[in-house]
Amino acid sequence: METSPPLSLAGTTVILLLLLSHISNVSGFNDVAEACKNIIDKDGEDAGPTYEFCLTSLQVLTGAKHADLQHIAFLSANLTVANATHTERIVKELSKNEKRNVVKAAYQTCMDCYDEIVQNARTAANEILPNKNYVTANKVISSAMSAVDNCKDEFDDSSVKSPIFKENNDMHALLGILIRFIVKLQE
Ligand SMILES: *[C@@H]1O[C@H](CO)[C@@H](O)[C@H](O)[C@H]1NC(C)=O
Ligand SMILES: *[C@@H]1O[C@H](CO)[C@@H](O)[C@H](O)[C@H]1NC(C)=O
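Residue numbering for the sequence shown is -28 to -1, 1 to 159, as defined by mature numbering (1 follows the signal peptide of the UniProt record, and there is no 0).
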């Protein structure tokens, strides 16, 4: 009868590494799809961001693989800062060339709104990582969502079709994703 040979050192190491990588993944997400599934009810009546939007938006996140909820939320906040900064720049450019007073005033309001959104998303990123102060993160992101609404209202109340309709909707949805991650962290 043959006895099985003892495990080689290399073999043992491979098994140990497999075991360790398995353990370290337990609290993380394998990919962005899993993180999105975790916060968005795919078949639900939720009026918030869709699963598809979450997937395409977060796909750009490097470092999201195997990240835990806290890190994904942080990356999502960081992405929101970049996105809002970009929109703020667009609004600034549009405002420069605008002659109609009522539209110029709307742009001014939107610039203030996006300035607040950038600041609040930056604050949220810090509150999530390293502070773990999710209550404050929730509060500042809720305010940022109101700020998007204020900007939207400026154009809804005027007779002018909003030139930043898509940007506002995208920002609202990005903040909607972020706040869902924060709410999960608060559970
Ligand atoms: C902002 O986010 C939206 C939604 O993910 C995306 O379509 C858009 O390209 C982003 N803009 C920038 C400048 O990253
Ligand atoms: C945060 O966003 C900035 C600007 O998009 C990017 O350069 C940086 O790598 C991001 N940081 C992390 C940790 O993802």
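No residue lacks a Cβ here, since even glycine has one placed at the ideal position from N, Cα and C.
Contact between E70 and K76 holds: CB atoms are separated by about 5 angstroms, below the 8 angstroms threshold. Nearest to C85 by C-alpha distance, out of K104, V112, I100 and V107, is V112. According to the DSSP secondary-structure assignment, D40 is paired through a beta bridge with G(-1). For C82, the closest C-alpha among the options I62, L33 and N92 is that of I62. Non-local beta-carbon contacts of D3 in its own chain, meaning distances under 7 angstroms to residues more than five positions away in sequence, involve K37 in chain order. Close CB contacts of H144 within its chain, under the 7 angstroms cut and outside five residues either way in sequence, are with M117 and V120 (chain order). In the structure shown, V75 adopts helical secondary structure according to DSSP, grouped into three states. Under the three-state reduction of DSSP output, Q31 falls in the coil class, being neither helix nor strand. Contact annotation, C8 with L41: C-beta distance approximately 12 angstroms; criterion of less than 8 angstroms not satisfied.
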